[in-house]
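Q: Sending over a structure as structure tokens; questions will come in a sec.
Residue numbers (our numbering): 5 to 553.
Set out below in structure tokens:
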């Protein structure tokens, strides 16, 4: 076992560990907290501490500041007269190990534990304490604010480069990524700043920095994303790339002037995100079978619909991942490119230089592709080109903003696409929303919603004796929300001959929906209730996202 020997009169010394990996290297390689701990333990020949090995009460609580234990992620497990057993997330941190040995004045018997287990133990043993972000905010409460004239750009630039402001912005981004946020919102008001993370589709407020630092924070973000810090009257869009939590994160920055300063929204895109498998999207068996069948077709058009943030791009990326074979040429035009697919030609639109969806699509059809993915059909020109591409032997995948699957037909007709062309090219329409998944650690059984599930039971989609409705509680794992992650609820309208005959000017969405249900289509609401009955989410969550359908 590797030990560090120390006493109050002797400098700490560590047994050399040549070639041993560091925690940050393993996390950058994409390993989970638990897997990284296991590999560290094996490579260093150290015991692996599990959650059950942590003590019921704090050991040597007065010897080391809790803040330092949090910083280096270490927890004393047990103490004897001559030694203390210490769990560390990164035993390769020689400096931290020496410092702890000196502080305890005892020999250290090291064990390895995952960062998740150590963080949970620290909170249980010493209380929640202050987060790194809260500590930074407290440290800079006395930092002078802008103080200069509104047009003193050099003063703002200097303040934005001050170490406390740099640390604050970096910590905000770090916390957002660590908490799985998709967006970071920074909003100035009269006497305060509001900072919120969008996690699983819901905004959650976090501790905000002092109001006098609003302009400095915005200026720092502008510097990072290559924006003009002198321009505060017009909206700006920029981007940056940073390594956060061992991941390469793409930042899409949008600023907007408001009454009390500039509001900033940062979209966080993980370049290393693994493209999901089609089978992992949560599609019902019948819907997945239909979609796979149409993806095998040589030509035609598949449309995924839903509001912004409903997972349309994820669904299309999973479909492309399935189609991505050496014998197919696949091209995509997106805004932005969220998933990078090896072997797929991906293009991001740049309207400022004339590279629009329509212009990119025109160029694509001259590239001899088999599959074309259009991130969004925003206008009649793009829709017309896409329909003609589907007619001329290409499989076209695209998205629209409509409330339900049938709405895609009326939307395309309204955009000027000829009904006879649409009827002959459409293969299936997929409408979806994202609902939050119940936390597996703390959810508990509850009563079924009664009448709402009766139709599903009568149609044989649910078994009255096998219902598992649950409700959220809240715990450390889910951050008190009761939910972790999201899953899609989907309705799929297949364009069969019966539905084809209805694709004509003036057709109503209700007429198309009835035709779809007649051939076995499950609506989004029904699909959501099936998932709620399986204990994956709650009926209230399903109603929340489907109230406009």
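The beta-carbon is built from N, C-alpha and C at its ideal position, and this holds for glycine as well.
Output the boundary residues of the alpha helix (DSSP H) element that contains residue 428.
A: Taking the chain shown and counting its residues from 1, one reaches residue 428 at position 424. That run of the alpha helix (DSSP H) goes 423 to 429.
Q: Residue 544 by DSSP, collapsed to three states: which one?
A: Position 540 of the chain shown, counting from 1, holds the residue named residue 544. The answer is helix: DSSP assigns residue 544 an H, G or I state.
Q: Beta-carbon separation of residue 460 and residue 305 under 7 Å?
A: Reading the chain shown from its first residue, position 456 is the one you call residue 460. Reading the chain shown from its first residue, position 301 is the one you call residue 305. Against a cut-off of 7 Å, the Cβ pair of residue 305 and residue 460 comes out as no contact.
Q: Do residue 340 and residue 202 have their beta-carbon atoms positioned less than 7 Å apart in this structure?
A: Residue mapping note: residue 202 aligns to position 198 of the chain shown, counting from 1. Residue mapping note: residue 340 aligns to position 336 of the chain shown, counting from 1. Not a contact, by the Cβ cut-off of 7 Å.
Q: Taking its Cβ as the centre, do 16 or more other Cβ atoms sit within 10 Å of residue 331, making it buried, or is it exposed?
A: The residue labelled residue 331 in the question sits at position 327 within the chain shown. By the neighbour-count rule (16 or more Cβ atoms within 10 Å), residue 331 is not buried but exposed.
Q: Measuring CA to CA, which of 385, 537 and 265 is closest to residue 449?
A: Indexing the chain shown from 1 puts residue 449 at position 445. Of the candidates 385, 537 and 265, the one whose C-alpha sits nearest the C-alpha of residue 449 is 537.
Q: Short of 7 Å in beta carbon distance, which residues of its chain neighbour residue 423, apart from the five on each side in sequence? Order them along the chain.
A: Position 419 of the chain shown holds residue 423. Excluding sequence neighbours, residue 423 sits near 417, 507, 508 and 509.
Q: State the DSSP-derived secondary structure class of residue 178, mapped to helix, strand or coil.
A: As a working mapping, residue 178 is identified with position 174 in the chain shown. The answer is helix: DSSP assigns residue 178 an H, G or I state.
Q: What do you get for residue 72, buried or exposed, if any count of 16 or more other CB atoms within 10 angstroms of its CB means buried?
A: Numbered from its first residue, the chain shown carries residue 72 at position 68. Residue 72 should be labelled exposed.
Q: Could I get the ranges of all uninterrupted beta strand (DSSP E) runs contained in the stretch 368 to 419, with 3 residues as the minimum, in chain order?
A: Segments of the beta strand (DSSP E) lying fully in the stretch 368 to 419: 375 to 378 and 399 to 404.
Q: Please report the residue range of the alpha helix (DSSP H) in which residue 331 lies.
A: The residue labelled residue 331 in the question sits at position 327 within the chain shown. Unbroken run through residue 331: none, as it is neither H nor E.
Q: Mind checking who residue 201 pairs with in its DSSP beta bridge?
A: Counting from 1 along the chain shown, the entry for residue 201 is found at position 197. Answer is 188 and 208.
Q: Considering just the uninterrupted stretch of the beta strand (DSSP E) at residue 254, what are its terminal residues?
A: For the purposes of this step, residue 254 is taken as the residue at position 250 of the chain shown. That run of the beta strand (DSSP E) goes 251 to 262.
Q: Any contact between the stretch 484 to 501 and the stretch 432 to 452? By contact I mean 3 or more CB pairs, one from each, below 8 Å.
A: With a cut-off of 8 Å, the stretch 432 to 452 and the stretch 484 to 501 count as touching, because enough Cβ pairs lie within range.
Q: Among 183, 245 and 326, which residue has its Cα nearest to the Cα of residue 227?
A: Numbered from its first residue, the chain shown carries residue 227 at position 223. Ranking the options by Cα distance to residue 227, first place goes to 245.
Q: Apply the 10 Å Cβ neighbour rule to residue 82 and answer buried if 16 or more other Cβ atoms are within range, or exposed otherwise.
A: Taking the first residue of the chain shown as 1, we reach residue 82 at position 78. The residue is exposed, with fewer than 16 neighbouring Cβ atoms inside 10 Å.
Q: What do you reckon, are the CB atoms on residue 500 and residue 528 nearer than 7 Å?
A: What you label residue 500 is simply residue 496 of the chain shown in a count that begins at 1. What you label residue 528 is simply residue 524 of the chain shown in a count that begins at 1. Result no, Cβ atoms of residue 500 and residue 528 do not sit closer than 7 Å.
Q: When DSSP builds the beta bridges, which residues end up paired with residue 437?
A: Here the question's residue 437 lines up with position 433 in the chain shown. According to DSSP, which records beta bridges pairwise, residue 437 is partnered with 493.
Q: Which runs of the beta strand (DSSP E), 3 residues or longer, sit entirely within the stretch 443 to 504?
A: Here the runs fully enclosed are 487 to 498.
Q: Could you spell out where the beta strand (DSSP E) holding residue 113 opens and where it closes?
A: Your numbering for residue 113 matches position 109 in the chain shown. Unbroken beta strand (DSSP E) run through residue 113: 111 to 116.
Q: By DSSP's criteria, residue 219 is part of a beta bridge. Which residues make up the other side?
A: Taking the chain shown and counting its residues from 1, the one referred to as residue 219 is at position 215. Partner(s): none; residue 219 has no beta bridge.
Q: Pull up the distance between the alpha-carbon of residue 150 and that of residue 265, whole angstroms please.
A: For the purposes of this step, residue 150 is identified with residue 146 of the chain shown, where counting begins at 1. For the purposes of this step, residue 265 is identified with residue 261 of the chain shown, where counting begins at 1. Per-residue confidence for residue 150 stands at a pLDDT of 48, beneath the threshold of 50, marking its modelled position as unreliable; the derived number appears in the next sentence. For residue 150 and residue 265, the distance between alpha carbons rounds to 13 Å.
Q: Which residues mark the beginning and the end of the alpha helix (DSSP H) in which residue 517 is found?
A: For the purposes of this step, residue 517 is identified with residue 513 of the chain shown, where counting begins at 1. Per DSSP, residue 517 belongs to the alpha helix (DSSP H) from 513 to 522.
Q: Below 8 Å CB to CB, which residues in the same chain sit around residue 394 once its five sequence neighbours on both sides are set aside?
A: Here residue 394 refers to the residue found at position 390 when the chain shown is read from its first residue. Contacts found: 303, 304, 305, 400 and 429.
Q: Going by DSSP, name the residue or residues bridged to residue 265.
A: Within the chain shown, numbered from 1, the residue matching residue 265 stands at position 261. DSSP lists 262 as partners of residue 265.
Q: Look at the Cβ atom of residue 113, then the Cβ atom of residue 78, and state whether they are nearer than 7 Å.
A: Along the chain shown, one-based indexing puts residue 113 at 109. Along the chain shown, one-based indexing puts residue 78 at 74. No, these two residues do not count as a Cβ contact at 7 Å.
Q: What residue from 444, 38, 99 and 338 has the CA that sits closest to residue 479's CA?
A: Translated into the one-based positions of the chain shown, residue 479 becomes position 475. For residue 479, the nearest C-alpha among the options comes from 444.
Q: Residues in the same chain with beta-carbon distance under 6 Å from residue 153, minus the five sequence neighbours each way, listed in chain order, please.
A: Residue 153 sits at position 149 when you count from the first residue of the chain shown. Note that residue 153 has pLDDT 43, beneath the 50 cutoff, so the model's placement of it is unreliable and the number below is only indicative. Counting only Cβ-Cβ distances below 6 Å, and skipping sequence neighbours, we find nothing.
Q: Can you name the start and end residues of the beta strand (DSSP E) that residue 294 belongs to?
A: Numbered from 1 along the chain shown, position 290 holds the residue referred to as residue 294. Taken as a continuous stretch (DSSP letters only), residue 294 belongs to no beta strand (DSSP E), being part of the alpha helix (DSSP H) at 289 to 299.
Q: Going by alpha carbons, who is nearest to residue 171 out of 197, 463, 220 and 43?
A: For the purposes of this step, residue 171 is identified with residue 167 of the chain shown, where counting begins at 1. The shortest Cα separation from residue 171 among 197, 463, 220 and 43 belongs to 220.
Q: Look at the alpha carbon of residue 248 and the alpha carbon of residue 415, and state the distance between them as a whole number of angstroms.
A: For this step, residue 248 is matched to residue 244 along the chain shown. For this step, residue 415 is matched to residue 411 along the chain shown. Taking the straight line joining both Cα atoms gives about 41 Å.
Q: Spatial neighbours of residue 562 within its chain, please: CB distance less than 6 Å, with the 5 preceding and 5 following residues excluded, ordered by chain position.
A: Outside the shown range of the chain (5 to 553) lies residue 562, about which nothing can therefore be said.
Q: Residue 350 lies in the beta strand (DSSP E); which residues open and close that run?
A: By 1-based counting over the chain shown, the position of residue 350 is 346. Per DSSP, residue 350 belongs to the beta strand (DSSP E) from 349 to 352.
Q: Can you tell me whether residue 535 is buried or exposed, with buried defined as 16 or more other CB within 10 angstroms of its CB?
A: Sequence index remark: in the chain shown, residue 535 carries index 531 (1-based). Buried: at least 16 other Cβ atoms inside 10 Å.
Q: Given this structure, state the Cα-to-Cα distance separating residue 35 from residue 477, to the nearest angstrom.
A: Position 31 of the chain shown, counting from 1, holds the residue named residue 35. Position 473 of the chain shown, counting from 1, holds the residue named residue 477. Approximately 29 Å between the Cα atoms of the pair.
Q: Answer yes if the stretch 278 to 291 comes into contact with the stretch 511 to 529, meaning at least three C-beta pairs across the two stretches below 8 Å, and no otherwise.
A: The stretch 511 to 529 vs the stretch 278 to 291: in contact.
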